[in-house]
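Asker:
Numbering (our numbering), first residue to last: 54 to 340.
#1: Counting only C-beta atoms, is residue 263 closer than 9 Å to chain E at any point?
#2: Assuming residue 178 contacts residue 198 (C-beta within less than 8 Å), just tell me the rounded distance between them.
#3: My guess is that residue 120 and residue 220 are in contact by the Cβ rule of under 8 Å, so how many angstroms apart are they, rounded?
#4: For residue 192, is the classification buried or exposed, using 16 other Cβ atoms within 10 angstroms of its Cβ as the cut-off for buried?
#5: Residues bridged to residue 185 by DSSP?
#6: Count the CB pairs spanning the segment 132-145 and the segment 78-85 that are closer than 8 Å, and state whether there are at least three.
#7: Which of the three DSSP states, helix, strand or coil, is assigned to residue 73?
#8: Taking only three categories from DSSP, how would you classify residue 249?
#9: Give me the residue from 165, 77, 173, 138 with the minimum Cα distance to residue 152.
#10: Give the DSSP-derived three-state secondary structure of residue 219 in the structure shown.
#11: Could I get the ranges of all uninterrupted alpha helix (DSSP H) runs contained in the segment 90-173, with 4 residues as the minimum, in chain order?
#12: Whose C-beta lies closer than 8 Å to the C-beta of residue 66 among residues of the same chain, with five residues either side of it excluded?
#13: In the structure shown, what three-state DSSP assignment does residue 67 receive?
#14: Using C-beta distances below 6 Å, list every residue in its chain close to residue 74, excluding the 5 sequence neighbours before and after it, in chain order.
#15: I need the DSSP call for residue 227, collapsed to helix, strand or coil.
#16: So, at 7 Å on beta carbons, what are the nonlocal neighbours of residue 68 in its own chain, with the 5 sequence-adjacent residues on each side left out?
#17: If we call anything under 9 Å between Cβ atoms a contact, is residue 102 one with residue 154?
#18: When the Cα atoms are used, what is the spatial distance from residue 88 to residue 114?
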């Protein structure tokens with residue numbers, strides 16, 4: 054049980070104000086430029102392809118990795134949401150950092166921590182909604198806060214179990230029970246005899262099946278050109294259906310006879326051991 058306590062358990066974390074921690078202004082501006090289209094310059098590839106190639110370099114992600122593809126999708130739709138709401142660069146940087154920190158808290162443990170993650174998200178979002186420097190700055194209006202909460206709830210917390218399954222480390226628990234003052238289980242003679250009978254049954258059954266298949270193959274080779282081959286094939290299939298029933302009856306009779314013989318021999322040995330007694334010499338009588 055010592056390994057169990059090495060696993061990180063869910064815990065509530067204190068949120069803090071962060072800005073321009075993951076991307077600087079130039080990197081964020083270049084990512085936003087992937088969404089801009091010009092009539093004179095036609096960039097190569099789609100918007101998502103350009104964004105994926107640029108984000109993988111700036112955030113150190115691998116587009117071929119499935120996990121990194123999921124993160125690239127989250128960043129892509131986050132910037133798309135911010136541009137649709139006409140957020141500034143500072144506001145986009147704040148939401149980018151908020152998404153990364155929320156995802157890090159959610160995946161730091163393999164146990165369920167939805168309450169802890171959502172509480173951290175609300176506390177971190179308040180750091181950008183209340184003007185209380187240096188602990189928080191008012192970057193978003195109440196209407197914008199409502200839109201941000203709806204976006205994170207629909208795009209992240211509704212799929213919370215999915216992100217936990219993909220990004221959290223798996224845990225395997227091995228249980229081993231040991232009881233004191235308990236003798237080790239020993240196979241009885243009856244179990245050993247039953248195992249021997251099972252082995253002999255399997256050997257006999259495989260030998261019988263091999264013999265039957267060989268006989269059927271020889272008959273098939275001989276009866277290919279005969280006019281009544283279809284009738285014989287029908288009879289052969291009918292016999293095959295009932296062959297398993299006959300084999301089972303024969304094997305059951307063999308088991309019962311072997312068990313009966315062994316029980317009789319054991320009873321005879323017990324009777325012979327009890328009937329044979331060592332003679333004792335009586336001392337002579339003294340007058």
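We put the CB at the ideal spot given by N, CA and C, even for glycine.
All values reported here derive from a predicted model rather than from experimental measurement.
Answerer: Concretely, from the data shown:
#1: Here there is only one protein chain, and chain E is not present.
#2: 7 Å
#3: 6 Å
#4: buried
#5: 189
#6: yes
#7: coil
#8: helix
#9: 173
#10: helix
#11: 100-111, 119-137, 142-159
#12: 158, 169, 173
#13: coil
#14: 150
#15: coil
#16: 173, 176, 177, 180
#17: no
#18: 20 Å
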